[in-house]
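> For reference, the structure I am asking about is given below.
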Amino acid sequence: MSEMRWNPVLQEWVVTATHRQDRTFLPPSGYCPLCPTKEGGFPTEVPRQSYDFVVFENKFPSLSKKPPLPAIAASDLYPVKEANGVCEVVLYSEEHTGTLADLPPARVAQLIGVWRDRYEDLGSRKEIDYVFIFENKGEAIGVTIHHPHGQIYAFSHLPPKIKREIESERSHYDKTGRCLHCDIIKEEESIAQRLVCRTEHFVAFVPFYARYPYEVHIYAREHRSSLSDLSPVEERDMARILLTVLRKYDRLWGFSMPYMMVMHQRPTSGGSWPGSHLHIEFYPPMRTAEKMKYLAGCESGAGTYVNDTLPEEKAEELRKILVDPEN
Amino acid sequence: MLKEIELKEDGRTLIYYSFAESESARSGLPGSDKKGGQNNSPSHRTQGSN
Chain A
1 MSEMRWNPVL QEWVVTATHR QDRTFLPPSG YCPLCPTKEG GFPTEVPRQS YDFVVFENKF
61 PSLSKKPPLP AIAASDLYPV KEANGVCEVV LYSEEHTGTL ADLPPARVAQ LIGVWRDRYE
121 DLGSRKEIDY VFIFENKGEA IGVTIHHPHG QIYAFSHLPP KIKREIESER SHYDKTGRCL
181 HCDIIKEEES IAQRLVCRTE HFVAFVPFYA RYPYEVHIYA REHRSSLSDL SPVEERDMAR
241 ILLTVLRKYD RLWGFSMPYM MVMHQRPTSG GSWPGSHLHI EFYPPMRTAE KMKYLAGCES
301 GAGTYVNDTL PEEKAEELRK ILVDPEN
Chain B
1001 MLKEIELKED GRTLIYYSFA ESESARSGLP GSDKKGGQNN SPSHRTQGSN
């Protein structure tokens, strides 16, 4: 059962997807559904015995190309619609162990090419308004399969956080004629207090308004609205800064940092989006090596995040960690 | 970048992406450097391109 229910209080859609209760949960490594199928072994999601990158439609999707009709009747107060969209899984490697941070830079650049292809392919479908690329990493985030992978949700609507971001972009653009994100980058590069690292074409910083202690945003320094706008040189540079941030995270406490990684870019619903600016946001859930940052009453109930740390201090901590993104 | 699309038994799509050794994501692709041309971007799509 799957459907979209309208929340008239917050003016947003909620997806109900009850079949996901039965999805694979922390299988033993010998029975990973994302590993290549071995000769004589059980059939996994990937029939071939070897692969570079694989993308497939999620077996337990929240959104689907042919969604079932809603199981509940709509009313004037409570509109209901089909959970239309696409949910894909992106496998980074045929190796069961390891993480995105362990891939060599050339492989990460190739992965960026895969992401771009999915953005363009899914975004070209007339029912898709937004292509959302993300990764949940670590059991602390609720990951149910450890094999290194990310996900893509292709929405038939603009998700609420994206919509709010776009409204801010539009308002700033109407007021100043400039991209809000370009102005943020200019300010961060000028102050430099919250910078984590910088390459020729990208910059990473803990935002002034960080919600999580070790939140980091990676931006294209020039105005690039989506992965489609990047040159090959910029793609390779993006791979370098991505690896730098990931390896700094892993070096911070000597264990593989759990995180949510999300990519924001131009909507694919057609029209003009002058304020859209490609960036990646990381939300690690840890506030120390042993303590989690929980989204508790104030965050979940009031929508106001309380950050127990100063972004300037956390940025300095991350900045001081030296890593090599080239090996 | 080589892209091979297969259909799983239950109708789901599966795509294999493969790259020649040391190949970056765009090398070898015609018109791979999109500076000055972004016609592949979704915002430029034509109606009914699906």
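Protein sequences, first through last, are from chains A and B.
For the first sequence, this note's numbering begins at 1 and goes up steadily by one.
For the second sequence, this note's numbering begins at 1001 and goes up steadily by one.
Built from N, CA and C at the ideal position, the CB exists for glycine as well.
Keep in mind that this is a model prediction, so the values were computed, not measured.
(1) For a test of the three-state rule: what should DSSP assign to A/Ser50, helix, strand or coil?
(2) Would you say A/Phe56 reaches chain B, if we count a Cβ-Cβ gap shorter than 7 Å as a contact?
(3) Taking 6 Å as the cut-off, is the C-beta of A/Ser225 nearer than that to any heavy atom in the ligand FMN?
(4) Starting from A/Arg48, find everything on chain B with Cβ-Cβ shorter than 8 Å and list it in chain order.
(5) Considering only residues of the same chain and omitting the five flanking positions on each side of A/Glu95, which have a CB-CB separation below 8 Å?
(6) When the Cα of A/Pro160 is compared with those of A/Val323, A/Met257, A/Gln11 and A/Val114, which residue comes out closest?
(7) First and last residue of the beta strand (DSSP E) that includes A/Ala154?
(8) Please classify A/Trp253 as buried or exposed, where buried requires at least 16 neighbouring CB atoms within 10 angstroms.
(9) Name the residue from A/Lys59, A/Glu3 and A/Pro104 whose alpha carbon lies nearest to the alpha carbon of A/Pro70.
(10) Using the Cα positions of A/Pro47 and A/Gly98, report the straight-line distance between them to the nearest angstrom.
(11) Which runs of the alpha helix (DSSP H) spanning at least 4 residues fall entirely within the region 247 to 321 of chain A, listed in chain order?
(12) Counting only C-beta atoms, is B/Asn1039 closer than 7 Å to chain A at any point?
(13) Could you tell me whether any Cβ in chain A is nearer than 7 Å to the Cβ of B/Gly1031?
(14) Relative to the alpha-carbon of A/Ala220, which residue among A/Thr199, A/Gly270, A/Tyr214 and A/Val206 has its alpha-carbon at the smallest distance?
(15) Tell me whether A/Val206 sits in a helix, a strand or coil according to DSSP, three-state version.
(16) Could you compute how far the alpha carbon of A/Ala302 sits from the alpha carbon of A/Phe155?
(17) On the CB-based measure, 16 or more other CB atoms within 10 Å of its CB, does A/Leu77 come out buried or exposed?
(18) Just tell me which of A/Leu310, A/Val262 and A/Thr288 has its CA closest to the CA of A/Trp115.
With the structure as the only source:
(1) coil
(2) yes
(3) This structure lacks the ligand FMN; in fact it carries no ligand of any kind.
(4) Tyr1016
(5) Pro148
(6) A/Gln11
(7) His149 to Phe155
(8) exposed
(9) A/Glu3
(10) 21 Å
(11) 311 to 320
(12) In this prediction, B/Asn1039 has a pLDDT of 34, which is less than 50 and means its spatial position is unreliable; what the coordinates show is noted afterwards. Output row for B/Asn1039: interface = no.
(13) Reliability fails at B/Gly1031, whose pLDDT of 31 lies under 50, so the model's placement of it is uncertain and the value that follows must be treated cautiously. Cβ-Cβ to chain A under 7 Å: no for B/Gly1031.
(14) A/Thr199
(15) coil
(16) 26 Å
(17) exposed
(18) A/Val262
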